Amino acid sequence: MLRAASASLGGPLVPAPVAPSLPAQAVLLPFSGQLTQGGWIRGTLPQGMRTLSLDGTPVKVAADGTWFAAFDRDAGPQAVLRTVLANGTIGEQRVAVQPRDWRIEHVNVARKPGGPSEAFMALRRPELARIAAARAMPTQAQGWRQAFVWPVTGRISGRFGSQRVYRGEPAAYHSGLDVSTGASGTAFVAPADGVVILAADRPFTLEGNLLMLDHGMGLNSAFLHCSQILVKEGEHVRQGQVIGRIGMTGRATGPHLHWSIKWNEARLDPLLFTGPMAD
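Mapping of the sequence shown onto full-length UniProt numbering: position 33 corresponds to residue 33, and the numbering continues sequentially without gaps.
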């Protein structure tokens, strides 16, 4: 720890000189992905590089050097990958993140005043704690390496990132993708390999019967409003395996599957993991 030095014995303290930090060294990291808001990036860390971060968030690196990271819905136009080289030097690469034209609906009415009631929050707090604990659970799942498949096909009734603005006051944006099949009971499958980290034993206030899969490397999927959950916590599931049935439990106006994806705290667009739905 640096100590302040005195100009003279008993005199005023002056700051000790601080060595200037060296500029980061430009590096070229091999990667691919959907380099846009709500998208993802995956690459391989060359030998001689020790650690990796994206905009200051640590990125896990597999034993074979492969890594995965992602960009939040509101990510800025440029992200920074930083790595530590074998000699201790900081390596840096800047990545352009393409902006999205989100569906924003301006409504000429004011939002309802007041927030959630204390009675509601008494129910909600333990639910949020359980979701946070599930997301913090480490697994060795390898689904992050796969090209995702659609968990179910049908009509896309709600798109990721869409948002309403009430007289200039923005509401929360839609954090997932909604797929409607017109009826409850339709089976849906795991979009990629994973481990079940949450299988609700009772409906949550908003999500209803909630199912969550961890795909490894901080990447996880959540499936809301299920009529039935067909897997158990701790179970390893394979891509394409039936894991539940669509419903309208929780806060839902009709039967549909709400599918959301997160990497750490970044909310992602499922459509960028699957590509367009086949006819």
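Backbone N, C-alpha and C define an ideal beta-carbon position, used for all residues, glycine too. Everything numeric in this text was worked out from a predicted model, so none of it was measured.
May I ask you to list the residues that DSSP assigns as paired with residue i?
i      : result
Pro58  : Ser53
Asp214 : Val195, Asn220
Ile156 : Val179
Ile90  : Val84
Val149 : According to DSSP, which records beta bridges pairwise, Val149 is partnered with nothing at all.
His174 : Paired residues: none, contrary to the question.
Glu233 : Paired residues: none, contrary to the question.
Val95  : Ala79
His258 : Asp178, Leu224
Gln47  : Paired residue(s): none; Gln47 is not in a bridge.
For the alpha helix (DSSP H) that residue i lies in, which residues bound it at each end?
i      : result
Phe120 : 118 to 135
Phe273 : 271 to 274
Which of the three DSSP states is assigned to residue i in this structure?
i      : result
Thr66  : strand
Ala278 : coil
Trp263 : strand
Trp40  : strand
Arg238 : coil
Gly244 : strand
Gly208 : strand
Which stretch, first to last residue, makes up the beta strand (DSSP E) that contains residue i?
i      : result
Leu81  : 78 to 85
His106 : 104 to 107
Phe188 : 187 to 189
Val165 : 163 to 166
Gly33  : 31 to 34
Grab me the residues of residue i's own chain with a C-beta within less than 6 Å of its C-beta, minus the 5 sequence neighbours each way, in chain order.
i           : result
Gly88       : none
Trp144      : Phe68, His215, Gly216, Met217, Leu219
Pro12       : Below a pLDDT of 50, predicted positions are generally treated as unreliable, and Pro12, at 48, falls in that range; the measurement from the model is reported next regardless. No residues qualify anywhere along the chain.
Asp178      : Ser157, Gly158, His256, His258
residue 283 : Any answer about residue 283 is impossible in this case: the structure gives the chain only from 1 up to 279.
Met137      : Ile197
Leu123      : Thr205
Val18       : With a pLDDT of 42 at Val18, under the threshold of 50, the modelled position of that residue is not reliable, and the figure given next carries that caveat. Cβ within range, chain order: n/a, list empty.
Ala222      : Met212, Ser260
Glu235      : Val196
Thr83       : Met49, Leu52, Gly91
Arg155      : Ser180
Beta-carbon within less than 7 Å of residue i's beta-carbon, same chain only, minus the 5 sequence neighbours each way: which residues are those?
i      : result
Gly65  : Thr44, Leu45
Ala183 : Pro255
Leu224 : Glu207, Gly208, Leu210, Gly250, His258
Asn264 : Thr57, Gly218
Gln146 : Ala192, Asp193, Gln239
Asp55  : Ala79, Val80
Ala134 : Ile197, Leu198, Met212
Ala110 : Tyr166, Arg167
Given residue i, which residues of its chain have a CB within under 8 Å of its CB, disregarding the five upstream and five downstream residues?
i           : result
Pro58       : Thr51, Leu52
Thr36       : Phe71, Val97, Gln98, Pro99, Arg100, Leu272
Gln163      : Trp102, Arg103, Ile104, Glu105, Pro170, Ala171, Ala172, Tyr173, His174
Gly48       : Leu85, Ala86
residue 303 : Here the chain covers residues 1 to 279 and nothing more, so residue 303 does not appear.
Gly247      : Ser184, Gly185, Gly208, Asn209, His225, Cys226, Ser227, Gln228, Pro255
Val149      : Val189, Pro191, Ala192, Gln239, Gly240, Thr274
Val237      : Ala190, Asp193, Gly194, Val195, Val196, Leu213, Val231, Ile243
residue 284 : In the structure displayed, the chain extends from 1 to 279; residue 284 sits before or after that span and is not available.
Pro113      : none
Leu28       : Gln93
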